[in-house]
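Notes follow the structure.
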Amino acid sequence: MKPRVRFAPSPTGELHVGGARTALFNWLFARKHQGSFILRFEDTDIERNRPELIEPILESLRWLGLDWDEGPFFQSQRLALYRAYAERLLKAGQAYRCYCTLEELEEKRRQALRAKHKPKYDGHCRSLSPAEQKRYESEGRQPAVRFKAPQTGITIVQDLIRGRVEFDNSELDDFILLRSDGRPTYNFAVVVDDLDMRITHVIRADEHLNNTPKQILLYQALGHGQALPQFAHVPMVLAKDRTKLSKRHGATAVLEFRERGILPEALLNHLARLGWSYGDQEIFSRAELIEKFSLEAVHPAAAIFDEEKLLWLNHHYIMTGDPKRLGRLVCEFALERGLLSESEAKSIPDERFSAVVALLKERKRSLVELAEGALPFLTDRLEYDPKAVERFLTADRAALLRSIADALQRVAAENFRTSILEERVRVHLESQGLTLKDAAQPCRVALTGLMAGPGLFETMEFLGKRRVIERLEWAIEKMRQMGDPLTAEG
RNA sequence: GGUCCCAUCGUCUAGUGGCCUAGGACGCUGGUCUCUCAAGCCGGAAACAGGGGUUCGAAUCCCCUUGGGACCGCCA
0 MKPRVRFAPS PTGELHVGGA RTALFNWLFA RKHQGSFILR FEDTDIERNR PELIEPILES
60 LRWLGLDWDE GPFFQSQRLA LYRAYAERLL KAGQAYRCYC TLEELEEKRR QALRAKHKPK
120 YDGHCRSLSP AEQKRYESEG RQPAVRFKAP QTGITIVQDL IRGRVEFDNS ELDDFILLRS
180 DGRPTYNFAV VVDDLDMRIT HVIRADEHLN NTPKQILLYQ ALGHGQALPQ FAHVPMVLAK
240 DRTKLSKRHG ATAVLEFRER GILPEALLNH LARLGWSYGD QEIFSRAELI EKFSLEAVHP
300 AAAIFDEEKL LWLNHHYIMT GDPKRLGRLV CEFALERGLL SESEAKSIPD ERFSAVVALL
360 KERKRSLVEL AEGALPFLTD RLEYDPKAVE RFLTADRAAL LRSIADALQR VAAENFRTSI
420 LEERVRVHLE SQGLTLKDAA QPCRVALTGL MAGPGLFETM EFLGKRRVIE RLEWAIEKMR
480 QMGDPLTAEG
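For the first sequence, numbering that gives the first Met the number 0 assigns the number 0 to the initial residue and increments by one for each residue that follows.
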């Protein structure tokens with residue numbers, strides 16, 4: 000039987016890295032076993048639902064390349080199904096109507112908490128007489144439907160990651176199946192849907208392990224004990240301070256990482272290695288992930304999301320990725336961030352973008368760094384680092400740059416190639432009794448405005464003769480201006 | 001408070017009783033290369049939470065303690 004798995008987010012928040020990893024594990028499992036990956040929105044909480052979040056969640060999955068085979072389904076559109084199942088349980092005496100009000104229940108919970116007891120429903124409506132039911136109905140009370148949970152015995156969860164976990168049924172209470180307005184609660188909707196969608200493997204976050212016995216009991220009450228899926232509860236992803244990821248931890252949402260210039264393959268790789276490993280291997284292509292993933296190899300302990308390592312992976316994928324694609328991404332980034340105007344971007348050929356990626360990729364860890372770093376190479380809007388200018392574009396070095404500019408002027412534009420330029424400049428400097436060390440930094444600052452960057456001759460080749468000469472001339476002029484008053488006084 | 005889960009370098013992890021004087025990766029750090037910064041290469045510091053067992057032998061098995069986490073809603 001082909002496995003059928005599902006990812007079931009609720010649209011109450013953005014897709015964060017923890018949810019994304021759960022989705023990834025499901026997806027990998029489905030792809031590895033040629034099964035189906037089903038997407039389902041658990042949107043029965045009308046108060047907390049935010050429909051505008053659905054598209055970003057879909058977009059997050061698309062961006063990561065986690066394509067689903069069925070869905071997205073919406074629980075809010077399947078209410079009749081849950082009611083039918085509830086009706087069955089009611090008829091079979093496995094569930095009952097509860098007329099307790101929210102206020103009554105809240106008061107009982109408070110009392111239990113005050114007495115330091117576990118708050119459990121007291122079964123007040125469990126065995127109401129028809130007359131009592133009538134009386135409540137006549138008061139206009141809308142009943143909820145509760146599950147008649149067994150109060151003795153144990154329920155065993157066989158978990159692919161945790162092993163065998165036992166729960167004492169006496170820990171359970173008669174939890175709500177349908178709210179008084181007829182909407183299902185989480186535990187009920189999950190079981191009905193997993194059953195209806197013929198889910199074979201429930202791969203979800205650790206926090207649901209405690210819900211599992213309730214769900215198993217529901218499968219059994221529904222007469223589908225045999226259809227019980229395999230469970231795999233994956234560990235949580237925690238923030239640096241070992242607490243649940245939340246807004247205050249900075250970027251946690253998948254789309255924020257995209258905005259920060261993280262490549263999807265880097266995030267995917269990092270997510271996969273959180274709680275899962277394959278020997279000492281760190282780098283995994285999508286295909287390798289599918290090939291090598293297994294639930295048995297998932298480490299049971301919670302993991303902390305390490306942004307430094309993500310950046311390292313991102314750098315790796317920048318280094319090894321297709322420059323054409325990265326060039327396009329850099330262009331998009333520069334546009335989105337307003338680093339380049341539409342017309343500027345249009346005037347720059349695609350090859351320039353892939354070339355600038357090749358030029359800079361060794362020292363850039365994100366698309367943001369790449370896009371920002373590319374500006375002095377793609378445009379003539381240079382930002383001179385004041386410290387760099389102060390240190391290297393000094394008046395006494397004007398003559399040095401002058402001679403280099405003159406030497407370069409004698410190199411034909413088509414010979415502005417790294418190796419040729421290096422040869423010519425070195426020879427020129429030697430003839431003056433100088434070394435590259437004396438000239439490289441002033442040149443670099445003149446050409447890029449920065450103290451750090453690609454090799455000097457790579458930079459020259461990229462910029463081309465016209466721009467190199469222009470920038471040198473401009474710098475020389477500046478240096479002379481700065482020098483003039485001093486020499487006049489001296 | 002109850003129930004359940006978890007526990008190897010700062011972080012991600014390898015390890016399934018002897019191959020472990022505990023391996024890899026990120027980060028940190030020393031060196032090297034060098035026109036700068038990176039990248040690369042070579043090296044270093046850095047962990048089995050604690051205590052009891054079991055065993056000839058324990059990071060590995062059991063128990064307790066401690067610490068973290070989750071759940072205990074007409075939230076999911």
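In this text, a Cβ means the ideal position worked out from N, Cα and C, and glycines have one as well. Every value quoted in this text rests on a predicted model; they were computed, and no experiment measured them.
Point to revise | Closest by C-alpha distance to Asn268, when choosing among Val388, Glu281 and Phe256 | key: Glu281
Check: Is Asp192 helix, strand or coil when you go by DSSP?
Finding: helix
| Inter-residue spacing [alpha-carbon to alpha-carbon] between Pro228 and Ser353 | 48 Å
Fill in: Beta-carbon separation (whole angstroms), Ile261 vs Leu27, contact threshold 8 Å
With a Cβ gap of about 19 Å, Ile261 and Leu27 do not count as contacting.
task = Spatial neighbours of Ile419 within its chain, please: CB distance less than 8 Å, with the 5 preceding and 5 following residues excluded, ordered by chain position.
result = Val410
Query raised in the report: So which of Ala439, Thr434 and Ile403 has the shortest CA-CA distance to Lys464?
Result: Ile403
*Does the distance from the CB of Ile303 to the CB of Leu369 come in under 8 Å?*
Going by C-beta atoms, Ile303 is not nearer than 8 Å to Leu369.
Any non-hydrogen atom of the ligand MN closer than 7 Å to Pro212 Cβ
Of the ligands one can find in the structure shown there are none, so the ligand MN has no counterpart to examine.
Report the residue ranges of all alpha helix (DSSP H) runs contained in full by the region 121-158; include only those spanning at least 4 residues, in chain order.
129-137
* Give the DSSP-derived three-state secondary structure of Leu446 in the structure shown. => helix
inquiry  = Let me make sure I understand the geometry here. Which of Thr43, Trp275 and Gln110 has the alpha-carbon closest to that of Ala79?
reply    = Thr43
What is the DSSP secondary structure of Glu41, reduced to helix, strand or coil? coil
Check: Rounded to a whole number of angstroms, what is the C-alpha to C-alpha distance between Asp305 and Arg470?
Finding: 41 Å
Check your understanding: Beta-carbon separation of Gly448 and Ala387 under 8 Å?
Key -> yes
Residue(s) in a DSSP beta bridge with Pro212
In the DSSP output, where bridge partners are listed per residue, Pro212 has none listed.
| field | Where Pro495 falls: helix, strand or coil (DSSP) | value | Nothing can be reported for residue 495: it is not among the residues displayed for the chain, which extend from 0 to 489.
| query | Counting pairs of Cβ atoms below 8 Å between the region 11-26 and the region 151-164, do you hit three or more? | reply | no
Margin query: Please report the straight-line C-alpha distance between Ala438 and Glu429, rounded to a whole angstrom.
Written below: 11 Å
Note to self: Using the three-state DSSP reduction, which class does Trp62 fall into: helix, strand or coil?
What the structure shows: helix
Practice prompt. State yes or no: is the C-beta of Val493 within less than 8 Å of the C-beta of Leu392?
Written response: Residue 493 cannot be examined here, being either before or after the span of the chain that is shown, 0 to 489.
- Query: Any idea which residues DSSP pairs Pro234 with across the strands?
  - Reply: Answer is none; Pro234 lacks a bridge partner.
Problem set entry | Own chain residues within Cβ distance below 8 Å of Leu433, not counting five before or after | Leu399
### Message
Tell me the rounded alpha-carbon separation between Ala204 and Pro453.
### Response
Distance between the alpha carbons of Ala204 and Pro453 is about 45 Å.
Review point. How is the alpha helix (DSSP H) around Tyr316 delimited, first residue to last?
Key: Glu306 to Thr319
For Asp66 and Phe36, what's the separation of their Cα atoms in angstroms? 8 Å
Going by DSSP, what residue range makes up the alpha helix (DSSP H) through Ile282? Judged by DSSP secondary structure, Ile282 falls outside any alpha helix (DSSP H); it is assigned neither H nor E.
DSSP three-state assignment for Trp275, whether helix, strand or coil = strand
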